[in-house]
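Enquirer: Every position in the sequence shown, counted from 1, becomes a number in the working numbering once 512 is added. Sharing a structure with you now.
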Amino acid sequence: MPIDYSKWDKLELSDDSDVEVHPNVDKASFVRWKQQSIHEERAKRNQDIKTLEAQMTMYENLNKRTDNMLKNMPLSEFGSLENIVKYLNSNFDKSERSEGEYVDKDIPTYNEMVEDLIEQLQKELKEANKDPTDGSLIVHKLAEHRLKIQTVMNEGKIKLAKLYEEKANHISADDMHDAWNSSFVNKSGKTVAPSVGAPDVAGTTTSSSVSAANFQNPPISQTLPSSVKSFISFDAEEDILKLDPKTKAFGEIPASDFKKSQQFLLENMEILSDQQKDALIMSAFEYEMEGDTKKCYQVIHQGELMQFIKELYDLKKIPYLHTSEMENIINNFFERIFFNTQNEMGKKQFLQSVQTKYDHIRTRSKILQEQDARAIGEDESEGVETIQLKSLDDTVQLKINLPDFESTDPNEQLKVSKFNELSPEMQNAVKTESLDVINDVLSRMSVSEGEKVLEIFDQADIIGINAYFDNEKDFEELQETYQEQMTQADQGELSAADQDDLD
513 MPIDYSKWDK LELSDDSDVE VHPNVDKASF VRWKQQSIHE ERAKRNQDIK
563 TLEAQMTMYE NLNKRTDNML KNMPLSEFGS LENIVKYLNS NFDKSERSEG
613 EYVDKDIPTY NEMVEDLIEQ LQKELKEANK DPTDGSLIVH KLAEHRLKIQ
663 TVMNEGKIKL AKLYEEKANH ISADDMHDAW NSSFVNKSGK TVAPSVGAPD
713 VAGTTTSSSV SAANFQNPPI SQTLPSSVKS FISFDAEEDI LKLDPKTKAF
763 GEIPASDFKK SQQFLLENME ILSDQQKDAL IMSAFEYEME GDTKKCYQVI
813 HQGELMQFIK ELYDLKKIPY LHTSEMENII NNFFERIFFN TQNEMGKKQF
863 LQSVQTKYDH IRTRSKILQE QDARAIGEDE SEGVETIQLK SLDDTVQLKI
913 NLPDFESTDP NEQLKVSKFN ELSPEMQNAV KTESLDVIND VLSRMSVSEG
963 EKVLEIFDQA DIIGINAYFD NEKDFEELQE TYQEQMTQAD QGELSAADQD
1013 DLD
């Protein structure tokens, strides 16, 4: 077997061989400083490793207890510290605690740490004027704390991996061993003297060479116990009607296949959010307006299933998705409403609710279609709405102010910057300093595009915009009032207040 000498490349030498220093520096002193620095860094690195390893062990034991509680304890028992202590002591070793060279000998046990945490959460609820004995509130806060602990663990594992890597890259003589000062035990259990020969390279791989790849951050969804999840919900204003693919697939299930709907919800209960339910119901409008009444009814039916189940779950006042609680509600709902052959009143009432909502959406869709038809007719008869600039005084030409493109003044440079935001066509129109040319460009823009142009005009002080009118009639009325005031001013009949308004 070839001998691997590469391990010696990382050895930190402690003698003075090949040490070159400045002529004015004592070589022996330099070597001693270097040796001391290496030993101090190595000692601190080993201490940091042991401390982080102890912390990771502590967090893992705390998470093991909180995960077990979140999964198996009834919600009602979380509001009682006495019940929690009893549960912990009956399911975990109450004397178990962190151990290690750098761990305080008087550190509380893991069970006591969890108890202290619950007391702290109850105190926070009390300070917020909330019921500290409300189990659902305690569980919510405990789940939040669990996520924070996982984040700290992920960061700690990354630091630990880096320390392992540093240790592997700076092997000391203490980390090395060879065949001349070691022995091994064979299968029979007898101690066998090693043969004289090459260094023992087979045992040089130690725990210090653990790769950082072993400590990649797991997704947050994987850091909580399986019984605690989040509902799918798109809360941004532009995504308020966004459908998750799972919700859309649920809407495809035929209204008569209750078994399939039940199984789908049990496997994808995270879709049971208010936002997803509303988004599915709103999609029914599209099908109805397209003339697909069957699909419209089907989607409304599935949306009503989601709504009924979510309303029952909300009575639990659990602010997140607790899978075991949701599973019970889904199963009980389908068993009592659809699979109870002795009493079909529940199914009848549910279908009546679906029909009522369908009738409402069908009526609303017709109204929307009529409104759209009228709007199209108005557009065709009146033309497309655009923005045009006009002066109140027809005898006065609006002044167009071009920025000073050569100026170094910050204010002028800012105006130039805003001017450059205009389209090339509008920039050329402004440079003509002709209102007619500018209005010609505006006439080919939509109202929203025109409004952006006016905003730039104002910011760059190109044209001051004093008022904005939705129709020509309002402008003409203001223009008439303006002309009357100007006439009175010429005749000296304008009051001081009116003069101020005019100015």
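Where is the CB? At the ideal position from N, CA and C, for every residue including glycine. Treat the numbers as computed from the prediction; the structure is a model and nothing was measured.
Among the residues of its own chain, which have a CB less than 6 angstroms from the CB of F850, if the five just before and after it don't count?
Expert: So the qualifying residues of the chain are F770, K859.
Enquirer: Does the Cβ of A972 have 16 or more other Cβ atoms within 10 Å, making it buried, or fewer, making it exposed?
Expert: When all chains shown are included, A972 counts as buried.
Enquirer: Can you tell me which of the three DSSP states K741 falls into?
Expert: K741: strand per DSSP, three-state reduction.
Enquirer: Grouping DSSP H, G and I as helix and E and B as strand, with all else coil, what is L833?
Expert: The answer is strand: DSSP assigns L833 an E or B state.
Enquirer: So, helix, strand or coil for G803, using DSSP?
Expert: Looking at G803 - three-state DSSP - the assignment turns out to be coil, as it is neither helix nor strand.
Enquirer: Ends of the alpha helix (DSSP H) at D970?
Expert: Unbroken alpha helix (DSSP H) run through D970: 959-971.
Enquirer: My guess is that F743 and E782 are in contact by the Cβ rule of under 8 angstroms, so how many angstroms apart are they, rounded?
Expert: Sure, about 6 angstroms apart at Cβ, within 8 angstroms.
Enquirer: Using only alpha-carbon positions, find the residue among A767, Q787, F762, G763 that is nearest to E750.
Expert: For the residues A767, Q787, F762, G763, the minimum Cα distance to E750 belongs to Q787.
Enquirer: In the DSSP assignment, find the alpha helix (DSSP H) that holds S922 and state where it starts and stops.
Expert: The sequence shown places Pro at residue 922, not Ser. Note, P922: alpha helix (DSSP H), 922-931.
Enquirer: Given 8 angstroms as the limit, is there contact between the region 587-602 and the region 644-652, that is, 3 or more CB pairs closer than that?
Expert: In short, these stretches touch, since the Cβ pair count reaches three.
Enquirer: May I ask you to report which of helix, strand or coil DSSP gives T898?
Expert: Reduced to three states, the DSSP call for T898 is coil.
Enquirer: Here's the rule: buried if 16 or more other CB atoms are within 10 angstroms of the residue's CB, otherwise exposed. What is Q814?
Expert: Per the 10 Å Cβ criterion, buried.
Enquirer: Using the C-alpha atoms, what's the distance from K576 back to L817?
Expert: Approximately 36 angstroms, taken between the alpha carbons.
Enquirer: Go ahead and pull the three-state DSSP assignment for L954.
Expert: In the structure shown, L954 sits in a helix (DSSP, three-state: H, G or I).
Enquirer: DSSP state of N852, grouped into three classes?
Expert: Here N852 sits in coil by DSSP.
Enquirer: Starting from L637, follow the alpha helix (DSSP H) in both directions and report where the run begins and ends.
Expert: That run of the alpha helix (DSSP H) goes 622-639.
Enquirer: Under the three-state reduction of DSSP, which class applies to D747: helix, strand or coil?
Expert: Coil.
Enquirer: With C-beta atoms as the reference, is N623 less than 8 angstroms away from K606?
Expert: Going by C-beta atoms, N623 is nearer than 8 angstroms to K606.
Enquirer: Under DSSP, the alpha helix (DSSP H) around F604 begins and ends at which residues?
Expert: Here F604 belongs to no alpha helix (DSSP H), and DSSP marks it neither H nor E.
Enquirer: Tell me whether F845 sits in a helix, a strand or coil according to DSSP, three-state version.
Expert: Reduced to three states, the DSSP call for F845 is helix.
Enquirer: By alpha-carbon positions, which one of M585, Q881, T563, E631 ends up nearest to Y676?
Expert: Of M585, Q881, T563, E631, the residue nearest in Cα terms is T563.
Enquirer: Helix, strand or coil for K660? Go by DSSP, reduced to three states.
Expert: Residue state, collapsed to three classes: helix.
Enquirer: Measure the C-alpha to C-alpha separation of K741 and K754 and round it to an integer number of angstroms.
Expert: The straight-line gap from Cα to Cα measures roughly 20 angstroms.
Enquirer: Can you round the beta-carbon distance between E963 and I899 to whole angstroms, since I take them to be within the 8 angstroms contact cut?
Expert: Sure, about 7 angstroms apart at Cβ, within 8 angstroms.
Enquirer: Output yes or no for whether 8 angstroms exceeds the beta carbon distance between N951 and L914.
Expert: Against a cut-off of 8 angstroms, the Cβ pair of L914 and N951 comes out as no contact.
Enquirer: Just checking my contact of I975 with L910 at CB under 8 angstroms: how many whole Å lie between their CB atoms?
Expert: That belief holds up - the Cβ atoms of I975 and L910 are roughly 6 angstroms apart, short of 8 angstroms.
Enquirer: Measuring straight from C-alpha to C-alpha, what distance separates Q861 and I842?
Expert: Cα to Cα, Q861 sits roughly 18 angstroms from I842.
Enquirer: Under 6 angstroms Cβ to Cβ from E636, same chain only, skipping five residues before and after it: list those, please.
Expert: There are no such residues.
Enquirer: Do you know offhand how far K642's Cα is from Q634's?
Expert: Those two C-alpha atoms are separated by around 9 angstroms.
Enquirer: Going by other Cβ atoms of all chains shown within 10 Å of its Cβ, with 16 needed for buried, is K943 buried or exposed?
Expert: Exposed, because fewer than 16 other Cβ atoms sit within 10 Å of the Cβ of K943.
Enquirer: Quick check on DSSP: helix, strand or coil for D916?
Expert: It is coil, neither helix nor strand.
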